[in-house]
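Notes follow the structure.
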Amino acid sequence: MSNVYAGRWLRIDLDSEQIQEHRISADEARTWLLGSGIAAHLLDGMLDLALDPLDPASPLLIFNGLLTGTTAPAASRSSWCGRSPLTSIWCESNMGGRWGADLRFAGFDGLVVTGRAPAPVYLWIHDGEVEIRDAVPLWGADTFETHDRLREQTDPKAQVACIGPAGENQVGVAGIMSGGQAHNRAAGRGGMGALMGSKNLKAIVVRGRARPEYPDPAHFRALVREINALIRERSEGMSLTGTAGGVPATELFGDLPLKNWRDGSWPEGARAISGQAIRESFWVRDTYCFACPIGCGKAVEVSEGPYAGTWGEGPEYETLAGFGGNLLIDDLPALMAINMRCNRLGLDTISTSGVVAFATEAVERGLIAPPDAGGLRLAWGEPEPVLALVEQIARREGLGALLADGVRAAAARLGPEAETFAIHVKGLEFPFHDPRAFVDMAVNYATASRGACHLESLSYWRGYGLEWPGWQEGEYDRFASDEAAVRTARAFQDFVAVYNPLGLCKFIIKGGIGPAQTVEILNAATGWDWTPDDLLRVGERLFNLKRLINLRLGITRADDTLPHRFLAEPRPSGQAAGNLPDLDSMLPRYYELRGWDADGQPTPERLESLGL
5 MSNVYAGRWL RIDLDSEQIQ EHRISADEAR TWLLGSGIAA HLLDGMLDLA LDPLDPASPL
65 LIFNGLLTGT TAPAASRSSW CGRSPLTSIW CESNMGGRWG ADLRFAGFDG LVVTGRAPAP
125 VYLWIHDGEV EIRDAVPLWG ADTFETHDRL REQTDPKAQV ACIGPAGENQ VGVAGIMSGG
185 QAHNRAAGRG GMGALMGSKN LKAIVVRGRA RPEYPDPAHF RALVREINAL IRERSEGMSL
245 TGTAGGVPAT ELFGDLPLKN WRDGSWPEGA RAISGQAIRE SFWVRDTYCF ACPIGCGKAV
305 EVSEGPYAGT WGEGPEYETL AGFGGNLLID DLPALMAINM RCNRLGLDTI STSGVVAFAT
365 EAVERGLIAP PDAGGLRLAW GEPEPVLALV EQIARREGLG ALLADGVRAA AARLGPEAET
425 FAIHVKGLEF PFHDPRAFVD MAVNYATASR GACHLESLSY WRGYGLEWPG WQEGEYDRFA
485 SDEAAVRTAR AFQDFVAVYN PLGLCKFIIK GGIGPAQTVE ILNAATGWDW TPDDLLRVGE
545 RLFNLKRLIN LRLGITRADD TLPHRFLAEP RPSGQAAGNL PDLDSMLPRY YELRGWDADG
605 QPTPERLESL GL
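Add 4 to the 1-based position in the sequence shown for the working numbering, that's all there is to it.
In structure tokens:
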């Protein structure tokens, strides 16, 4: 038996300051893996439907993947899970960087936090020890300052995951940040920062010296070298320009959101805000998460102009698409400043940019009058009001008070017309890949466990021409609402569902790693003898488990849908012009393939076959 994972997790109650250690059995690891897999299993047993997500008894579950902290390719990820304060359903928000690795090195795979401390605290977890420490002097500090001050108080190489003012104010679009200004990484989606803030928990700091052990270290090292070489070869573009390098291609394919998803083409703007432009004028160095062979992070610095002095981790594709394309802002230094402000305040850039685009259209339609705009003159292409509004959202001030809990809540307050352009599924704002350009994503968005989430499928990669021999290959029509689209969405969901539980970054899938290579890595690390089908079976089990949790929380077939804009308003120009997904025809077939009944509930026979 290997000691690739620590085999223990902590339950910490902040009301009583009681800390209990729990063991993870080999059977549990094989059934659920770790990460969001075991977190979903534990939450399923702890779920109290009467509790509000921000009730002190509502748990925050933080777990590394099974391989996090190993030298497996990109094995850096930790999952931050619970009931979303934004959507009220299941949420898993995933973080890269080095925090997860150091939690493993400290001797733990995860922790479950309940209760509310009487005053702000932080957790200091190091080499098998746990301390609850005073964080009152840190309350109100941004995430960069918090990171630096906690390293001074603990260990200069400690890894800090913390909230900023947005989390303290329990803003629905608040995230959890790690890595400081130089290498910021986020558990951004679903408002997990608000859940952490509701517990008066400012930060969790980790540091350790223990290392995983492998059944055959030489074989594992050789396999990792071989697979890393394959990933590097197929990820040259990502290594050079990061995720931001994809902006021009998404615009070309009709995938880039424009003007709150209303426009179709923006080629000059896309080039102006691209990763290629970042590399040419603002790049300082590449940044790497733990064990990463790709290095998609880009440290940047703005040295002149009104945003001079902006430096740190550069904006990713989603940030540039949301604050750039969707708001028609083509000023790259301004977008870097907006990105930096979101990171400082602890805001999810996807949801935050989504609510800003919603507000800009509401102003345009006259639904938000100038006296209600908090002195801001929101308009397409104007960055300065956006910088101010980001601050207001984090502090629940001015117009930000309306927007702080996302587009669904804001639209409910503004009335029925606003709901027609509130772009979300189940309360989670859309990431920036258009289901009118990749129809398989319509199925995924409608059924994904945490709401509008591209990372629960990533099937749009097929539409970009990527193939995985023996699993996903051959001709593929990205515009067709057909059997292939449904099968592709379901297949990707089951495969991708194991990546957070394994602790692996999903970008290695784009680097050519399919089920066969993934299970080869898993077996070499653990000594298991799984097949690709065994792996995909676990993915299917976990996807269905999260569906069961959501059904208990009140989700119905009526919630498995898309915003009106994607079902009835085609893009007016570009490659995806005129195309709309036919969700009415695809969803029943998807349910059938899943073994769900006509109401979207897993049948008893399917649950029994999955061991649920």
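For every residue, glycine included, the Cβ atom is placed at its ideal position computed from N, Cα and C. Source: prediction; values computed, not measured.
Note: Leu205 is bridge-paired with Val125 in the DSSP secondary-structure output.
In chain order, Leu64, Ile167, Gly171 and Ile180 place their CB closer than 7 Å to the CB of Met200, counting only its own chain and leaving out the 5 sequence neighbours on each side.
The beta carbons of Pro387 and Ile333 sit closer together than 7 Å. The shortest C-alpha to C-alpha distance from Gln157 to any of Glu135, Pro169, Val177 and Asn173 is the one to Glu135. Excluding five sequence positions before and after Glu477, the CB atoms of its chain that fall closer than 8 Å to its own CB belong to Glu471, given in chain order.
For the 7 Å CB-CB criterion, Leu71 and Ala79 form a contact. For the set Gly531, Ala452, Leu552 and Val443, the Cα lying nearest the Cα of Tyr468 is the one of Val443. The alpha-carbon of Gly246 is positioned some 20 Å away from that of Cys457. Using a Cβ-Cβ distance cut-off of 8 Å, the segment 34 to 43 and the segment 109 to 124 are in contact, since at least three pairs of beta carbons, one from each stretch, lie closer than that value.
The residues Ser182, Gly183, Arg189 and Cys293, in chain order, have a CB closer than 6 Å to that of Gly101 in the same chain once the five nearest residues on each side in sequence are set aside. By the neighbour-count criterion, in which a residue is buried when 16 or more other Cβ atoms sit within 10 angstroms of its Cβ, Lys203 is buried. Arg211 is positioned such that its CB atom lies closer than 7 Å to that of Asp106. The C-beta distance from Ile129 to Val209 rounds to 7 Å, short enough to meet the 8 Å contact threshold. Between the C-alpha atoms of Gly582 and Arg482 there is a straight-line separation of about 13 Å.
Assigned with DSSP and collapsed to three states, Gln174 falls in coil, not helix or strand.
Taking Val140 as the centre and dropping the five residues before and after it, the same chain places the C-beta of Ala123 and Pro124 closer than 8 Å to its C-beta, in chain order.
Cβ contact annotation for Arg494 (same chain, cutoff 6 Å, sequence separation greater than five): Leu597, in chain order. Counted as a single uninterrupted DSSP element, the stretch harbouring Trp384 is not any alpha helix (DSSP H), since DSSP gives it neither H nor E. Short of 6 Å from the beta carbon of Glu423, and not among the five residues preceding or following it, lie these beta carbons of its own chain, in chain order: Ala415. Counted as a single uninterrupted DSSP element, the alpha helix (DSSP H) harbouring Ser285 occupies residues Gly279 to Ser285.
Taking a cut-off of 8 Å for Cβ pairs, the segment 500 to 512 and the segment 447 to 464 touch, as three or more such pairs fall below it.
The Cβ atoms of Thr74 and Ala529 lie closer than 7 Å to each other. Looking only at Cys300, Trp287 and Phe436, the smallest Cα-Cα distance to Gly241 is reached by Cys300. Sequence-distant partners of Thr492 (beyond 5 residues in either direction) whose C-beta falls short of 8 Å from its own C-beta, in its chain, are Asp444, Ser463, Arg466, Gln476 and Tyr480.
Within 10 angstroms of the beta-carbon of Arg556 lie fewer than 16 other beta-carbons, which makes it exposed. Closest option to Ile397, judged by alpha-carbon separation, among Pro435, Gly431 and Ser357: Ser357. DSSP links Gly301 through a beta bridge to Thr291. Taking a contact to require three or more Cβ pairs closer than 8 Å, the segment 406 to 415 and the segment 531 to 547 do not qualify as touching. Residue state for Phe224 is assigned as helix, using DSSP reduced to three classes. Linking Ala276 to Glu32 through their CA atoms gives a straight-line distance of about 49 Å. Scanning the segment 66 to 96 for uninterrupted beta strand (DSSP E) segments of 3 residues or longer gives 82 to 87, listed from N- to C-terminal end. Contact between Leu571 and Leu584 holds: their C-beta atoms lie close to 6 Å from each other, under 8 Å. In this structure the segment 211 to 221 touches the segment 5 to 17; the number of beta carbon pairs closer than 8 Å is three or more. Per DSSP, Cys296 lies in no alpha helix (DSSP H) and is assigned neither H nor E. Closest by C-alpha distance to Tyr594, out of Trp532, Val447, Ala295 and Asp159, is Val447.
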